[in-house]
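Novice:
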Amino acid sequence: MTVHLSLIAPAMSRALREARFDDDGPVEPVSHDPLCPTARVRVVCSPSGRCRATAGALGVDTAAYEVEPALAGCAMGRWRGRTLDELAAAEPESVAAWLGDPDAAPHGGESLRELRARVAAWMDALESGTVWAIAEPDVIRAAAAHALGAPETAFWRLDVRPLARVELSGRSGRWNVRLGGPVG
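Here the working numbering runs 656 ahead of the position in the sequence shown, where the first position is 1.
#1: Would you report the Cα separation of W831 and V716, rounded to the nearest angstrom?
#2: So what's L714 in DSSP terms, helix, strand or just coil?
#3: Would you identify the three-state DSSP class for H802, choosing helix, strand or coil?
#4: Taking C692 as the reference, give the member of T658, D815 and W788 with the closest Cα.
#5: Anyone know if the C-beta pair for V683 and A720 falls short of 9 Å?
#6: Output needed for L814: all residues of its chain with C-beta closer than 6 Å, excluding positions within five of it in sequence on either side, in chain order.
#7: Is there a Cβ from chain D that is less than 9 Å from the Cβ of L672?
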């Protein structure tokens, strides 16, 4: 059987605008029709504040989704709450290592390779059916790269806009990717 997975990025937030490693701030108002999952759709959500707030802004009641720890954004350790510009000025070598080496975790958190492995394990364990997942942009990048079998360097080549939907379908370890559809 086939898995139909729709990954939905969080709404715009101040942290996203500032390129800040933070996922718990409020999101900006959403001007979308509410999501209306049927009984056949399993809805899951990242544990982050902005993904849960996005679910609410899209009309998904907290009782209608499961919080999925595998969809948490990359653990950024001591960089959490700081902007990329601040870090590039204060720790240019660390930022360069993080951007250039998928195994690097100079912030003391999770490497991008570890993030991708976590997301891939979750995807590959999904049972057939339809799943809507409200997930952090880095999780969506990792999922798309995994689905394509792309190298880790492809992670930085994938842009995920706020409220974008990436659709994946697959079975037997083979995934197809449909990028850029609107939410709703």
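All C-beta atoms in this analysis are idealised placements derived from N, C-alpha and C, irrespective of residue type, glycine included.
Bear in mind that the values here come from a model prediction, so they are computed numbers and not experimental data.
Specialist: Short version:
#1: Position 175 of the sequence shown, counting from 1, holds the residue named residue 831. Position 60 of the sequence shown, counting from 1, holds the residue named residue 716. Approximately 27 Å between the Cα atoms of the pair.
#2: One-based indexing of the sequence shown puts residue 714 at position 58. DSSP places L714 in coil when its eight states are reduced to three.
#3: In the sequence shown, residue 802 corresponds to position 146, counting from 1. Helix.
#4: Residue mapping note: residue 692 aligns to position 36 of the sequence shown, counting from 1. C692 has its Cα closest to that of W788, out of T658, D815 and W788.
#5: Numbered from its first residue, the sequence shown carries residue 683 at position 27. Numbered from its first residue, the sequence shown carries residue 720 at position 64. Remark: C-beta atoms of V683 and A720 do not approach each other more closely than 9 Å.
#6: Taking the sequence shown and counting its residues from 1, one reaches residue 814 at position 158. Cβ neighbours of L814 beyond the five flanking positions: R797 and A800.
#7: You won't find chain D in this structure, because it holds only one protein chain.
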